[in-house]
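Colleague:
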Amino acid sequence: MSDSSRRDFLKTSSAVAAFGTGLFTSVSARAFASGDDAVRVALVGCGGRGTGAAAQALSTKGKVKLVAMADAFRDQLDSSLNNIEKAVKSKEDSEVAVEEDKKFVGFDAYKKVMESDDVDLVILATPPGFRPIHFEYAVSQGKNVFMEKPVATDAEGVRKVIEAAKVAKEKDLKVGVGLQRRHQECYLDYIKKIHDGAVGDVRALRVYWNGGGVWEPRAGRADVKSEMEYQMRNWYYYNWLCGDHICEQHIHNLDVGNWIMSGIIPEDPENIWAQLPVKANGMGGREVRKDPRYGEIFDHHAVEYTFADGTVMMSQCRHIRNCWNSVTEHAHCNNGIVHLDNNPRNVSIERFDGSKERFKGENANPYQVEHDDLFAA
Numbered sequence: 006m007s008d009s010s011r012r013d014f015l016k017t018s019s020a021v022a023a024f025g026t027g028l029f030t031s032v033s034a035r036a037f038a039s040g041d042d043a044v045r046v047a048l049v050g051c052g053g054r055g056t057g058a059a060a061q062a063l064s065t066k067g068k069v070k071l072v073a074m075a076d077a078f079r080d081q082l083d084s085s086l087n088n089i090e091k092a093v094k095s096k097e098d099s100e101v102a103v104e105e106d107k108k109f110v111g112f113d114a115y116k117k118v119m120e121s122d123d124v125d126l127v128i129l130a131t132p133p134g135f136r137p138i139h140f141e142y143a144v145s146q147g148k149n150v151f152m153e154k155p156v157a158t159d160a161e162g163v164r165k166v167i168e169a170a171k172v173a174k175e176k177d178l179k180v181g182v183g184l185q186r187r188h189q190e191c192y193l194d195y196i197k198k199i200h201d202g203a204v205g206d207v208r209a210l211r212v213y214w215n216g217g218g219v220w221e222p223r224a225g226r227a228d229v230k231s232e233m234e235y236q237m238r239n240w241y242y243y244n245w246l247c248g249d250h251i252c253e254q255h256i257h258n259l260d261v262g263n264w265i266m267s268g269i270i271p272e273d274p275e276n277i278w279a280q281l282p283v284k285a286n287g288m289g290g291r292e293v294r295k296d297p298r299y300g301e302i303f304d305h306h307a308v309e310y311t312f313a314d315g316t317v318m319m320s321q322c323r324h325i326r327n328c329w330n331s332v333t334e335h336a337h338c339n340n341g342i343v344h345l346d347n348n349p350r351n352v353s354i355e356r357f358d359g360s361k362e363r364f365k366g367e368n369a370n371p372y373q374v375e376h377d378d379l380f381a382a
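Under the working numbering, think of the first position of the sequence shown as 6, with each following residue one higher.
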């Protein structure tokens, strides 16, 4: 396509490009299971992110009630419930009402939650290796879903999620994914500028998640009952559960690059992969994570992705302390560079004529907004 025809295509689809809400469906929501006007929520996966997601769900506009919880380990469930109660105690329309018979523990706990007739929406926040199984079952039970990213850790899991998403649309269910940048005003605003051609054509992309790493392994093997429990409690360090930090964390930055290119490469209804990179060339390894307690994940990756139109996205993610840190995305265009950042104060356009434009909009918490958008749907 010529540059002008690309821009014309983008103008006709700007509403979709600007909304950027992932897997939301567009039809009206089903009636609430409880028969009243409260959205009744269940949490599957009671770690830190699940606890935060539940609190944010309970902080959306209107009446919301947490009615069920599930986790592999009872201590995590109890700790999560206590923290959720503290987080939302001042919100008038939220209610934490998880009775003892609605606290489910074990590998099949997710089924018991999803088979409950009084649940409207489930939050899926277990280690992502379980996400495809849980999402598929939630859809089969007719539940609306908020699921944390990443939605899978391997190709088989990705295919399972895609097929379940098709069924969710057929059932008029609402599905949201925890890619909060898709709901952040500075990203929506400046990626729309890129799509509208305000900085010229995109020539290259750079995306980073370079930092010092995450939490250290929390339990020794002698302190737990089995190797399975040890790996699940330290899930970030095992690829079957995490997908490595290129998948678990760097997904945010890679998604921004794909989001930018989705407004440039036309959508092909016959090929859902058409707007994604067609080639990848990369490397990675372990420079500091040499102790067996760090499982099997790498501590650095570098990949060059190539899109169908020849655009290259250069990608880095790293977990090594005392090095250069950056969690950002950058679009190199004909007339300047667009700098994107989770901190709105750092979002700007640096034009080659010497001028600079900075984002001056609102700074609403995108983790809250993603739930607001889902519950509004």
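For each residue, glycine too, the CB sits at the ideal point set by N, CA and C.
Is arginine 187 buried or exposed, if buried means 16 or more other CB atoms sit within 10 Å of its CB?
Modeller: Buried.
Colleague: Which two residues bound the contiguous beta strand (DSSP E) that contains tyrosine 241?
Modeller: No beta strand (DSSP E) contains tyrosine 241, which DSSP labels as neither H nor E.
Colleague: Is glutamate 253 near tyrosine 235, with beta carbons less than 8 Å apart?
Modeller: No, the Cβ-Cβ distance between glutamate 253 and tyrosine 235 is not below 8 Å.
Colleague: Mind checking valine 32: buried by the 16 CB within 10 Å criterion, or exposed?
Modeller: A caution first: valine 32 carries a pLDDT of 34, below 50, which makes its placement in the model unreliable, though a value can still be read off. Its Cβ having fewer than 16 others within 10 Å, valine 32 is exposed.
Colleague: Cutting at 6 Å between CB atoms, please list the residues of its own chain near glutamate 153, excluding the five before and the five after it.
Modeller: Within the same chain, glutamate 153 has close Cβ partners Arg54, Ala130, Gly183.
Colleague: To the nearest whole angstrom, what separates the beta carbons of isoleucine 325 and histidine 305, a pair I think is in contact under 8 Å?
Modeller: With a Cβ gap of about 6 Å, isoleucine 325 and histidine 305 count as contacting.
Colleague: My understanding is that serine 64 touches glutamine 373, with C-beta atoms under 8 Å, so please give their C-beta distance in whole angstroms.
Modeller: Yes, serine 64 and glutamine 373 are in contact; Cβ-Cβ is about 6 Å, under 8 Å.
Colleague: Kindly indicate which three-state DSSP category histidine 257 falls into: helix, strand or coil?
Modeller: Here histidine 257 sits in helix by DSSP.
Colleague: So, is tryptophan 214 buried or exposed, given that buried needs 16 or more other C-beta atoms within 10 angstroms?
Modeller: Its Cβ being crowded by 16 or more others within 10 Å, tryptophan 214 is buried.
Colleague: Could you pull out every residue in the same chain whose Cβ sits closer than 8 Å to the Cβ of serine 19, ignoring the five residues on either side in sequence?
Modeller: In this predicted model, serine 19 has a pLDDT of only 38, less than 50, meaning its place in the structure is not dependable enough to derive any value.
Colleague: Under three-state DSSP, which class holds glutamine 185?
Modeller: Looking at glutamine 185 - three-state DSSP - the assignment turns out to be helix.
Colleague: Figure out for me which residue from Ile167, Leu126, Val110, Gly248 has the closest Cα to the Cα of valine 72.
Modeller: Checking every option, the nearest Cα to that of valine 72 belongs to Leu126.
Colleague: Rounded to the nearest angstrom, what separates lysine 117 and aspartate 159 at their Cα positions?
Modeller: Rounded to whole angstroms, lysine 117 to aspartate 159 spans 26 Å at the Cα level.
Colleague: Between the Cα of proline 155 and the Cα atoms of Val46, Asn244, Thr56, which residue gives the shortest distance?
Modeller: The residue with the shortest Cα to Cα distance from proline 155 is Asn244.
Colleague: Under 8 Å, do glycine 262 and glutamate 334 count as touching if we go by C-beta distance?
Modeller: In this structure, glutamate 334 lies closer than 8 Å to glycine 262 by Cβ.
Colleague: What's the call for valine 101, buried or exposed, on a 16-neighbour Cβ count within 10 Å?
Modeller: Classification of valine 101: buried, given that the 10 Å Cβ count is 16 or more.
Colleague: Assuming alanine 143 and glycine 111 form a contact by the criterion Cβ under 8 Å, report the distance between their Cβ atoms to the nearest whole angstrom.
Modeller: With a Cβ gap of about 17 Å, alanine 143 and glycine 111 do not count as contacting.
Colleague: Residue range of the beta strand (DSSP E) that tyrosine 310 falls in?
Modeller: Residues 305-311.
Colleague: Which two residues bound the contiguous beta strand (DSSP E) that contains glutamate 362?
Modeller: Glutamate 362 -> beta strand (DSSP E) spans 361-363.
Colleague: Do histidine 255 and isoleucine 302 have their beta-carbon atoms positioned less than 8 Å apart in this structure?
Modeller: The answer is no: Cβ separation not under 8 Å.
Colleague: Can you round the beta-carbon distance between leucine 379 and lysine 179 to whole angstroms, since I take them to be within the 8 Å contact cut?
Modeller: With 8 Å as the limit, leucine 379 and lysine 179 qualify as a contact, their Cβ atoms being about 6 Å apart.
Colleague: Return no unless some Cβ of chain C is closer than 8 Å to the Cβ of glutamate 292.
Modeller: Although the question refers to chain C, the structure presented lacks it and comprises just one protein chain.
Colleague: Can you tell me whether serine 231 is buried or exposed, with buried defined as 16 or more other CB within 10 angstroms of its CB?
Modeller: Burial call: exposed.
Colleague: Using the Cβ count rule (16 or more neighbours within 10 Å means buried), how would you classify valine 212?
Modeller: That one is buried.
Colleague: Which residues does DSSP list as the beta-bridge partners of methionine 288?
Modeller: Paired residues: Ala307.
Colleague: For aspartate 42, which residues of its own chain have a beta-carbon under 8 Å away from its beta-carbon, when the five flanking residues on both sides are left out?
Modeller: Here the set comprises Gly67, Lys68.
Colleague: My understanding is that alanine 75 touches phenylalanine 109, with C-beta atoms under 8 Å, so please give their C-beta distance in whole angstroms.
Modeller: That belief holds up - the Cβ atoms of alanine 75 and phenylalanine 109 are roughly 4 Å apart, short of 8 Å.
Colleague: Buried or exposed: proline 274, going by 16 or more other Cβ atoms within 10 Å of its Cβ?
Modeller: With fewer than 16 other Cβ atoms within 10 Å, it is exposed.
Colleague: Assign valine 110 to one of three DSSP states: helix, strand, or coil.
Modeller: If DSSP states are grouped into helix, strand and coil, valine 110 belongs with the strands.
Colleague: Between the alpha carbons of glycine 268 and tryptophan 220, how many angstroms are there, rounded?
Modeller: The straight-line gap from Cα to Cα measures roughly 36 Å.
Colleague: Tell me which residue opens and which closes the beta strand (DSSP E) that cysteine 191 is part of.
Modeller: Element bounds for cysteine 191: not the beta strand (DSSP E) but the alpha helix (DSSP H), 190-200.
Colleague: Where threonine 17 and alanine 203 are concerned, what is the direct C-alpha to C-alpha distance, given to the nearest angstrom?
Modeller: Only weak support is given to the placement of threonine 17: the predicted model assigns it a pLDDT of 39, under 50, and the question is left unresolved by the model.
Colleague: Return the CA-CA distance between lysine 365 and glycine 341, expressed in angstroms with no decimal places.
Modeller: Cα-Cα distance, rounded: 19 Å.
Colleague: From alanine 36 to asparagine 276, what does the alpha carbon distance come to, in whole angstroms?
Modeller: Annotation note: pLDDT 45 at alanine 36 (below 50); position unreliable, no value reported.
Colleague: Candidates Glu120, Gln321, Gln280: which alpha carbon is nearest glycine 216's?
Modeller: For glycine 216, the nearest C-alpha among the options comes from Gln321.
Colleague: Using the Cα positions of leucine 82 and glycine 50, report the straight-line distance between them to the nearest angstrom.
Modeller: Distance between the alpha carbons of leucine 82 and glycine 50: 8 Å.
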